[in-house]
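Asker:
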């Protein structure tokens with residue numbers, strides 16, 4: 144069952160599209176599920192399908208096509224590091240190495256306490272601020288140094 | 006130094022507010038178009054005079070594109086803004102949405118009037134959520150102020166604009182993949198024809214333009230097409246936003262006249278990072294062929310000049326590499342990207358991008374074979390021109406560019422199983 148909050152958010156999105164095109168809200172619906180639960184299970188996909196009048200398979204197709212959906216449990220805070228060319232030129236390999244050491248996990252993994260997850264991402268369209276990562280697909284942190292990363296992690300650890 | 010077209014509000018501490026946008030003459034172009042009831046033909050003619058070409062990468066003449074929309078079509082029609090900026094190196098539309106969101110809204114509203122469209126969508130790259138939020142907020146404010154929605158400024162013209170957030174798929178920057186994505190499907194490009202102007206979003210006539218393209222429209226209306234053209238050079242009208250990233254001291258977005266010497270742009274970006282020398286430049290986003298630094302230093306930044314040098318201006322994303330960069334490693338990273346982002350619909354791209362990546366990967370890791378460089382080119386020939394969308398070419402061009410200019414470095418890698426730099 145989708146929570147009342149998610150339903151309300153989806154209903155707001157639906158106003159953007161023609162009444163007979165409810166499927167257009169599927170991407171945001173999956174995003175809302177992920178925001179609330181941290182990841183999207185196949186049960187969640189079925190709930191989204193029922194809510195939008197779509198086939199389960201059509202929702203699965205979307206959820207598996209776009210990289211930013213977590214299809215397995217990730218951390219309360221998931222950090223996605225861009226390692227594309229501009230970021231690599233500016234030290235993204237060191238960013239990844241530092242995060243791995245600090246968090247004690249590899250790419251695609253979650254810390255034992257479930258607090259942090261680490262992912263590699265593709266170009267985020269913010270190359271002038273390289274190297275950079277996003278936090279839970281919401282906040283973009285750029286021009287990273289090891290000190291700045293430590294500062295951000297400490298701040299996240301408290302929240 | 007701020008640019009006159011897209012950076013109009015940059016002198017303010019909060020450049021994105023409606024109040025500040027109005028202070029710099031914001032929504033005056035839309036007001037003029039609507040109150041004077043300018044004829045769509047006159048607007049399109051003005052845009053044609055401006056020589057504005059699509060700023061997303063393809064460089065298609067905007068006025069011509071607008072003229073393709075069926076004027077007397079009875080049903081719904083759409084305009085769509087492509088803000089799915091994921092071509093590695095590119096981050097200019099991000100700045101427009103973050104710092105001048107109402108400029109985009111105004112440009113789209115004028116386009117909507119011109120093509121007699123009531124609804125528009127702005128498809129925002131998933132990773133830049135803050136820009137999406139900024140656009141959502143700006144649309145709300147514009148609606149409340151009567152610049153969007155029903156009966157805009159009491160003129161009887163209605164147009165509403167909605168933002169749609171992507172969620173991580175490079176291929177959705179391809180316009181028909183983007184339309185599929187708005188329709189709530191996986192973003193796989195459509196075979197063309199039919200073109201979007203006849204069969205677009207929800208099967209209706211649709212025009213898709215890049216963010217910077219729409220954002221150039223208010224200037225053209227306010228100052229005339231000729232004034233815009235004269236900002237740049239013939240066939241390359243206007244200013245252009247260049248995203249300069251990589252090995253420069255001051256990476257950033259710079260709006261400069263088309264035809265500005267690359268050396269000047271590099272200087273604006275603070276020059277090559279401390280004490281280093283320029284080795285190579287990717288002049289228009291990662292899919293454009295690389296150009297050696299010494300050639301690049303003599304070029305100007307416009308479509309014709311970069312094309313003549315065997316590359317493309319693309320999205321205007323300039324990636325600067327200094328002498329410490331291993332070109333095999335750089336290409337390996339790019340080839341990985343195209344392999345990762347191939348949507349899998351066309352076999353040549355789905356299989357071929359994997360081949361390209363694996364071959365470059367083994368060269369980089371000391372397992373290259375003598376025949377690998379010819380194999381790379383042969384795989385490329387089997388991808389380019391054999392796919393539905395241009396992602397195939399986008400994967401091949403970087404390979405061709407690298408082998409054209411830095412073949413010796415690849416050969417060294419294969420022979421000595423290590424890097425030249």
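Chains as they are written, first to last, in the working numbering: chain A, 144 to 302; chain B, 6 to 426.
From the three backbone atoms N, C-alpha and C, an ideal C-beta is built for every residue, glycine too.
In whole angstroms, what separates the C-alpha of residue 90 of chain B from that of residue 284 of chain B?
Answerer: Cα to Cα, the separation comes out at about 26 angstroms.
Asker: List, in order along the chain, the chain B residues whose C-beta lies closer than 7 angstroms to that of residue 241 of chain A?
Answerer: Within 7 angstroms Cβ-Cβ: nothing; residue 241 of chain A doesn't reach chain B, min ~19 angstroms.
Asker: Which residues mark the beginning and the end of the beta strand (DSSP E) in which residue 299 of chain A is found?
Answerer: First-last for residue 299 of chain A: 289–301, but that is the alpha helix (DSSP H), not the beta strand (DSSP E).
Asker: Give every residue of the same chain whose Cβ lies closer than 6 angstroms to the Cβ of residue 310 of chain B, excluding the five residues on either side of it in the sequence, and list them in chain order.
Answerer: So the qualifying residues of the chain are 304.
Asker: Residues in its own chain within less than 6 angstroms of residue 297 of chain B by CB, not counting five upstream and five downstream?
Answerer: Cβ neighbours of residue 297 of chain B beyond the five flanking positions: 285, 410.
Asker: List, in order along the chain, the chain C residues whose C-beta lies closer than 7 angstroms to that of residue 277 of chain A?
Answerer: Annotation note: the requested chain C is absent from the structure, which comprises protein chains A and B.
Asker: Buried or exposed for residue 282 of chain A, please, with buried defined as at least 16 other CB atoms from any protein chain shown within 10 angstroms of its CB.
Answerer: Residue 282 of chain A comes out exposed.
Asker: At what residue ranges does the stretch 172–238 of chain B contain a whole run of the alpha helix (DSSP H), taking only runs of 4 or more?
Answerer: 180–187, 216–228, 230–236, all fully within the stretch 172–238 of chain B.
Asker: Determine the DSSP secondary structure at residue 199 of chain A, reduced to helix, strand or coil.
Answerer: Residue 199 of chain A: helix per DSSP, three-state reduction.
Asker: Determine the closest residue to residue 213 of chain B out of B:8, B:233, B:125, with distance taken between C-alpha atoms.
Answerer: It is B:125 whose Cα lies nearest to the Cα of residue 213 of chain B.
Asker: Please report the residue range of the alpha helix (DSSP H) in which residue 358 of chain B lies.
Answerer: Unbroken alpha helix (DSSP H) run through residue 358 of chain B: 352–369.
Asker: Excluding five sequence neighbours on each side, which residues of the same chain lie with their C-beta closer than 7 angstroms to the C-beta of residue 317 of chain B?
Answerer: Excluding sequence neighbours, residue 317 of chain B sits near 289, 293, 311.
Asker: Which one of A:195, A:292, A:268 has the shortest CA to CA distance from residue 245 of chain A?
Answerer: When only C-alpha atoms are compared, the closest one is A:292.
Asker: Take residue 422 of chain B and list the residues in its own chain whose beta-carbon comes closer than 6 angstroms to its own, dropping the five residues that flank it on each side.
Answerer: Once the five neighbours on either side are set aside, the close Cβ partners of residue 422 of chain B are 371.
Asker: Rounded to whole angstroms, what is the Cα-Cα separation between residue 360 of chain B and residue 384 of chain B?
Answerer: Going from the Cα of residue 360 of chain B to the Cα of residue 384 of chain B covers about 7 angstroms.
Asker: Using three-state DSSP, classify residue 306 of chain B as helix, strand or coil.
Answerer: The answer is strand: DSSP assigns residue 306 of chain B an E or B state.
Asker: Please state if the CB of residue 277 of chain B and the CB of residue 270 of chain B are separated by a distance shorter than 8 angstroms.
Answerer: Cβ distance not < 8 angstroms, so residue 270 of chain B and residue 277 of chain B don't count as in contact.
Asker: Consider the Cβ of residue 225 of chain B: report whether some Cβ of chain A lies at a distance smaller than 8 angstroms.
Answerer: No, residue 225 of chain B does not count as interfacial toward chain A.
Asker: Using a 10 Å radius around the Cβ and a threshold of 16 neighbouring Cβ atoms, would you call residue 144 of chain A buried or exposed?
Answerer: Exposed, by the Cβ-count rule.
Asker: What is the rounded straight-line gap between the Cα of residue 48 of chain B and the Cα of residue 364 of chain B?
Answerer: For residue 48 of chain B and residue 364 of chain B, the distance between alpha carbons rounds to 51 angstroms.
Asker: Tell me which same chain residues have a C-beta within less than 6 angstroms of the C-beta of residue 96 of chain B, skipping the five on either side of it?
Answerer: Within the same chain, residue 96 of chain B has close Cβ partners 248.
Asker: Go through the stretch 191–267 of chain A residue by residue and report every complete run of the alpha helix (DSSP H) that reaches 4 residues or more, in order.
Answerer: Qualifying alpha helix (DSSP H) stretches, in chain order: 199–208, 228–232, 235–246.
Asker: Please state the DSSP three-state secondary structure of residue 244 of chain B.
Answerer: Three-state DSSP puts residue 244 of chain B in a strand.
Asker: At a cut of 8 angstroms, does the stretch 253–265 of chain A reach the stretch 204–221 of chain A through at least three beta carbon pairs?
Answerer: Counting Cβ pairs under 8 angstroms, three or more are found: they touch.
Asker: In this structure, does DSSP put residue 330 of chain B in helix, strand or coil?
Answerer: In this structure, residue 330 of chain B counts as coil in the three-state DSSP scheme.
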